[in-house]
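Residue numbers (the numbering used here), protein chains in the order written: chain Z, 253 to 680; chain P, 3 to 315.
Accompanying notes for the structure given below.
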Amino acid sequence: MKKKYFLNANIIDPKNSIEEIGGLIIGETGKIEAVGKKVNENNIPAREKYIDLKEKYIFPGLVDMRVFVGEPGYEYKENFKTLSTAALAGGVTSVVTMPNTSPVIDNVSIVDFLKRRGRDKSKINIFPTASLTKNLEGTNMTEFGLLQKKGIVAFTDGTKTIQNTRLMSRIIRSAYDLDCLVMQHAEDYELSKDGMVNDGIIATKLGLQGIPDIAEKIIIERDLSLLEDYNCRYHISQISSSKSIDLINQRKQRVNFTTGVSINNLSLNENDIGDFKTFLKLSPPLRTEDDRISLIKGINNNLIDVIVSDHKPEDEEQKRLTFSQATTGASGIETFLSLALELFHNGSIKLSKLISLITSNPAKILNIDKGTLSIGTDADFSIVDLYKPLIVKKEKMKSKSKNTCIEDKKLQGIVTNTFVKGEELFKI
Amino acid sequence: MASTSKKAIKVSQKHLLGIQDLSISDINQILSEAKKFISLNKSKNKKINILRGKTQINLFFEPSTRTQSSFELAGKRLGADVMSMNITNSAIKKGETLIDTAMTLNAMHPDIIVIRHQDSGACNLLSQKVNCAVLNAGDGRREHPTQALLDALTIIDRKKKIEGLKIAICGDILHSRVARSNIYLLNMLGAEVNIVAPSNLMPKDIEKLGVNTFSDMKKGLKDCDIVMMLRLQNERMTSSFLSSNREYYEYYGLTPDKLNHAKNNALIMHPGPMNRGIEIDTKLADDMNRSLIKEQVELGVAVRMACLKIFCE
């Protein structure tokens, strides 16, 4: 591979606190050789051609901590190839995949298969998770230690929650012994039973069963209490309400844990569901505008560490049903960055802060060498035209499933090029 | 005869999906049209032909006696060809989706489809997929617009007005589409609405719809002109909401003792079917001087005729 030189870009690398105009040099092996303001026309070899990125931005490749891929078992929804194409178009170069596949990622041999498929078919970095319990049944633990040795970065039951408190306490102890990361989707099933939308005026008006915000809070409260005895690496996959923010604020000093939020809960609220838009049937549900605002405050007060796309490709036929029959989730990996940038453009979150929640923070939690432009690391990054407008259209989407929840939304900020290990894999 | 008037009546909506979508003028038009059919329904020859040549399909996914027969009768009296689909024998039982059923029926060129479905919003989905008008005969817990319209007509028939009346809606509000449609309609027509229910059957944030809420029935009935009782919908209850029917009757059943807190001339309504001895004392239900339950059924046909006529045009 030839050396590559990029100059005059706005470089954002939260891990190294870089936010300056400068350049980037990619070495022949696809690693970053130099970065920052010291890299300019005066200190690169005169005979070398360089790419002038005046007015453009360079971000580290995004690390998306919550992605559903249909492989194995649901290839008609998304496979590794279509996922990578969609991810690259959105500047995402590393994804954490959920274990809710068929079969479930719950044993060592399926991990071997998954890694091979990921390596052969995927152009981005795949970091698979395994389930916390066998077949996601919430009864017996999987082999955390052996799975971790095979390259599993975290353990989660994906869209499911461990309901049994005794089992959860045992999971936390095992994860503590083996230094494993546990990621919990927080939802008390008894309280959320048959629920479809936030429990409030919209649920009442639409005549739909509500999911109360305490269904989330009670599980978080339980898990954080369990962590007081054995503080394993613990991450709340997604929160959705101001009640959860208040609780996290109270417990932050007492135990170590991290928290994620879906970009959908930061950008939309329950009113967007309108006239039964099934594409906005999400889990956790979209809540009130007050909840949305407190999530943004939570980010600015360092109570939330990660933003995820919660990319859940679903066959459109499964959305063309009545609201209660329709499946849950939205495809969103390729609009992830543009939608996140809306929070910068509307003044909610500062740019470097925003980028840290989708690059360096998740990498740190996962303990992986990604989401940064540090010298010596793989050159995974994207070039972004920060102010260029776009309108989200499902027919333009590259994901195999077009179930976007932001159809026709007007956004600003487009990825023009994405590089993985120094190689340009996407160009607009 | 006024009811055979050929003059087209314009409403703001193509479909009747819920009271929420209607304007006051729409409602007044439907009610005034319905009034004209009341006498027709009492006359010897009940049939007119204003919908001759029109096809009405009744699509009832949930069991129904009064609403389905009322819609069927209404269509027939107006001269329409009425077909009631038997869901148990249809392709829906074979796994066909609502949209596919809609497309199939649409290909037969009906002029109006009347739908009842267990899922909230089913009629909205149907209306997006067919060319004809869709009338909602009840969707999940969301709306039951013709029931609210017939309730309004019944109240006006007795009290001559709705504006300024104090009306209590009592019972299983959580699962009730009748309650929701009535709240919208009565509010629009200027009534003061009290909602009475145990907290377990009170929908979240319902006071934001502009009603007063009470868990104490006696307080909720105070000075009311109308007491509207709702059926306890055991079939929609997935877990324990109440300890027992007898305790429910003790605290939320309409008894002469509780009714005494309302105005002396307060009238009783119930959309049916009734659970006698659970939400209402059986004697009160049959009390000719106080109960409007029979009138509700009677005027229901007139209201549905009005809706069919207006939305078929």
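Glycine included, every Cβ here is placed at the ideal spot set by N, Cα and C.
Between the Cα of glutamate 64/P and the Cα atoms of Lys224/P, Ala150/P, Ser122/P, Ile175/P, which residue gives the shortest distance? Taking the first residue of the second sequence as 1, we reach residue 64/P at position 62. Closest by alpha carbon: Ser122/P.
Just to confirm my understanding: we take alanine 261/Z, look at its own chain, exclude 5 residues before and 5 after, and list those with CB closer than 6 Å. What are they? Numbered from 1 along the first sequence, position 9 holds the residue referred to as residue 261/Z. Closer than 6 Å at the Cβ level, and outside the excluded window around alanine 261/Z, lie Leu305, Lys308, Ile310.
I'd like the list of long-range same chain contacts for leucine 187/P, defined as Cβ closer than 6 Å, with 5 residues on each side in sequence excluded. Looking up residue 187/P in the second sequence gives position 185. Hits under 6 Å: Ile21, Ala150, Ala154.
Identify every run of the beta strand (DSSP E) within the region 27-112 of chain P, keeping only runs that are complete inside it and at least 3 residues long; order them along the chain. 57-62, 83-87
Please list the segments of the alpha helix (DSSP H) lying wholly inside the region 357-445 of chain Z, counting only runs of 4 or more residues, in order along the chain. 360-373, 396-401, 417-430, 441-444
Would the beta-carbon of leucine 593/Z fall within 8 Å of that of glutamine 664/Z? Along the first sequence, one-based indexing puts residue 593/Z at 341. Along the first sequence, one-based indexing puts residue 664/Z at 412. Taking 8 Å as the Cβ cut-off, leucine 593/Z and glutamine 664/Z qualify as a contacting pair.
Just the Cα atoms here: how many angstroms apart are valine 13/P and leucine 458/Z? If you number the second sequence from 1, residue 13/P lands on position 11. If you number the first sequence from 1, residue 458/Z lands on position 206. Looking at the two C-alpha atoms, the distance is approximately 23 Å.
What are the residues that DSSP puts in a beta bridge with proline 641/Z? As a position in the first sequence, residue 641/Z is number 389, starting the count at 1. The partner list for proline 641/Z (beta bridge, DSSP) reads Gln664/Z.
Just to confirm, is the Cβ distance from serine 651/Z to glutamate 330/Z under 8 Å? Numbered from its first residue, the first sequence carries residue 651/Z at position 399. Numbered from its first residue, the first sequence carries residue 330/Z at position 78. It is a contact, given that the beta carbons lie within the stated cut-off.
What's the gap between the Cα of serine 394/Z and the Cα of isoleucine 59/P? Translated into positions along the first sequence, residue 394/Z becomes position 142. Translated into positions along the second sequence, residue 59/P becomes position 57. A quick correction: the sequence has threonine, not serine, at residue 394/Z. In a straight line, the C-alpha of threonine 394/Z is about 54 Å away from that of isoleucine 59/P.
Three CB pairs or more closer than 8 Å across the region 512-522 of chain Z and the region 532-548 of chain Z: yes
Between the alpha carbons of serine 361/Z and serine 201/P, how many angstroms are there, rounded? Translated into positions along the first sequence, residue 361/Z becomes position 109. Translated into positions along the second sequence, residue 201/P becomes position 199. Roughly 51 Å between the two C-alpha positions.
Proximal chain P residues relative to alanine 455/Z, where beta-carbon distance stays under 7 Å: Stepping through the first sequence from its first residue, residue 455/Z is reached at position 203. Those are Lys206, listed as they occur along chain P.
On a Cα-Cα basis, can you pick out the residue from Thr579/Z, Leu433/Z, Lys654/Z, Ile270/Z that is closest to tyrosine 482/Z? One-based indexing of the first sequence puts residue 482/Z at position 230. Measuring from the Cα of tyrosine 482/Z, the nearest candidate turns out to be Leu433/Z.
Could you compute how far the alpha carbon of tyrosine 254/P sits from the alpha carbon of glycine 140/P? Within the second sequence, the letter at position 252 stands for residue 254/P. Within the second sequence, the letter at position 138 stands for residue 140/P. Near 24 Å, if we compare the C-alpha coordinates of glycine 140/P and tyrosine 254/P.
Proximal residues, the region 519-535 of chain Z versus chain P, C-beta separation under 8 Å: Asp527, Phe528
The beta strand (DSSP E) with asparagine 260/Z in it runs from where to where? Here residue 260/Z corresponds to residue number 8 of the first sequence, with the count starting at 1. Where asparagine 260/Z is concerned, the enclosing beta strand (DSSP E) stretches over 256-265.
Just to make sure I have the definition right: I need the residues of chain Z whose C-beta is within less than 7 Å of the C-beta of arginine 144/P. Which are they? Here residue 144/P refers to the residue found at position 142 of the second sequence. Near arginine 144/P (Cβ distances below 7 Å), the residues of chain Z are Leu458, Gly459.
Contacts around serine 72/P, its chain only, beta-carbon distance under 7 Å, and the 5 residues preceding and following it disregarded: Taking the second sequence and counting its residues from 1, one reaches residue 72/P at position 70. Excluding sequence neighbours, serine 72/P sits near Gly302, Val303, Arg306.
Have a look at threonine 510/Z and aspartate 557/Z and give me their C-alpha separation to the nearest angstrom. Looking up residue 510/Z in the first sequence gives position 258. Looking up residue 557/Z in the first sequence gives position 305. Going by the C-alpha atoms only, they are around 6 Å apart.
Along the chain, where does the beta strand (DSSP E) containing glycine 140/P start, and where does it finish? Position 138 of the second sequence holds residue 140/P. 135-141 is the extent of the beta strand (DSSP E) around glycine 140/P.
Answer yes or no: does any C-beta atom of chain Z fall closer than 8 Å to that of lysine 210/P? Walking along the second sequence from the start, residue 210/P turns up at place 208. It does: the Cβ of lysine 210/P has a partner Cβ on chain Z nearer than 8 Å.
Could you check whether glycine 343/Z and valine 644/Z sit closer than 8 Å to each other, using their CB atoms as the reference points? Counted from its first residue, the first sequence places residue 644/Z at position 392. Counted from its first residue, the first sequence places residue 343/Z at position 91. No; because the gap between Cβ atoms is not below 8 Å, this pair is not in contact.
For a contact meaning CB atoms closer than 8 Å, what does asparagine 126/P contact in chain Z? In the second sequence, the residue the question calls residue 126/P occupies position 124. Per Cβ cutoff of 8 Å: Asp527, Phe528.
Assuming the contact rule is C-beta atoms closer than 8 Å, isoleucine 284/Z and glycine 623/Z should be a hit. Round their C-beta distance to whole Å, please. For the purposes of this step, residue 284/Z is taken as the residue at position 32 of the first sequence. For the purposes of this step, residue 623/Z is taken as the residue at position 371 of the first sequence. At roughly 13 Å, the Cβ-Cβ gap does not stay under 8 Å, so isoleucine 284/Z and glycine 623/Z are not in contact.
Quick test of your reading: leucine 256/P and glutamate 281/P, contact by CB under 8 Å. State the CB separation rounded to the nearest angstrom. Translated into positions along the second sequence, residue 256/P becomes position 254. Translated into positions along the second sequence, residue 281/P becomes position 279. Between glutamate 281/P and leucine 256/P the Cβ distance is about 7 Å, and since that is below 8 Å, they are a contact.
Report the option in Lys412/Z, Ile404/Z, Asn387/Z, Arg474/Z whose CA atom is closest to the CA atom of arginine 418/Z. Here residue 418/Z refers to the residue found at position 166 when the first sequence is read from its first residue. Checking every option, the nearest Cα to that of arginine 418/Z belongs to Arg474/Z.
Run of the alpha helix (DSSP H) containing asparagine 189/P, from where it starts to where it stops: Within the second sequence, the letter at position 187 stands for residue 189/P. It spans 179-190 - the alpha helix (DSSP H) in which asparagine 189/P sits, taken as one unbroken run.
Thinking C-beta only, is lysine 367/Z closer than 8 Å to glycine 397/Z? Taking the first residue of the first sequence as 1, we reach residue 397/Z at position 145. Taking the first residue of the first sequence as 1, we reach residue 367/Z at position 115. Contact flag unset, no.
Using only the alpha-carbon positions, how far apart do valine 563/Z and valine 321/Z sit? Residue mapping note: residue 563/Z aligns to position 311 of the first sequence, counting from 1. Residue mapping note: residue 321/Z aligns to position 69 of the first sequence, counting from 1. Per the sequence shown, the amino acid found at residue 563/Z is histidine instead of valine. Their backbone Cα atoms lie some 8 Å apart in a straight line.
Between the alpha carbons of proline 147/P and cysteine 309/P, how many angstroms are there, rounded? In the second sequence, counting from the first residue as 1, residue 147/P sits at position 145. In the second sequence, counting from the first residue as 1, residue 309/P sits at position 307. If you take the alpha carbons of proline 147/P and cysteine 309/P, they lie about 10 Å apart.
Give the C-beta separation of leucine 479/Z and isoleucine 424/Z to the nearest angstrom, bearing in mind that I take them to be a contact with Cβ-Cβ under 8 Å. Here residue 479/Z is taken as the residue at index 227 of the first sequence, counted from 1. Here residue 424/Z is taken as the residue at index 172 of the first sequence, counted from 1. Rounded, the Cβ-Cβ distance is 6 Å, consistent with contact.
Pairing CB atoms from the region 267-284 of chain P with CB atoms from the region 221-238 of chain P, are three or more of them under 8 Å? yes
Tell me the rounded alpha-carbon separation between glycine 581/Z and lysine 267/Z. Against the first sequence, residue 581/Z aligns to sequence position 329. Against the first sequence, residue 267/Z aligns to sequence position 15. Rounded to whole angstroms, glycine 581/Z to lysine 267/Z spans 31 Å at the Cα level.
Quick test of your reading: serine 733/Z and proline 565/Z, contact by CB under 8 Å. State the CB separation rounded to the nearest angstrom. Since the displayed chain Z opens at 253 and closes at 680, residue 733/Z lies outside it and no answer follows.
Answer yes or no: does any C-beta atom of chain Z fall closer than 8 Å to that of isoleucine 40/P? Taking the second sequence and counting its residues from 1, one reaches residue 40/P at position 38. It does not: the Cβ of isoleucine 40/P has no partner Cβ on chain Z nearer than 8 Å.
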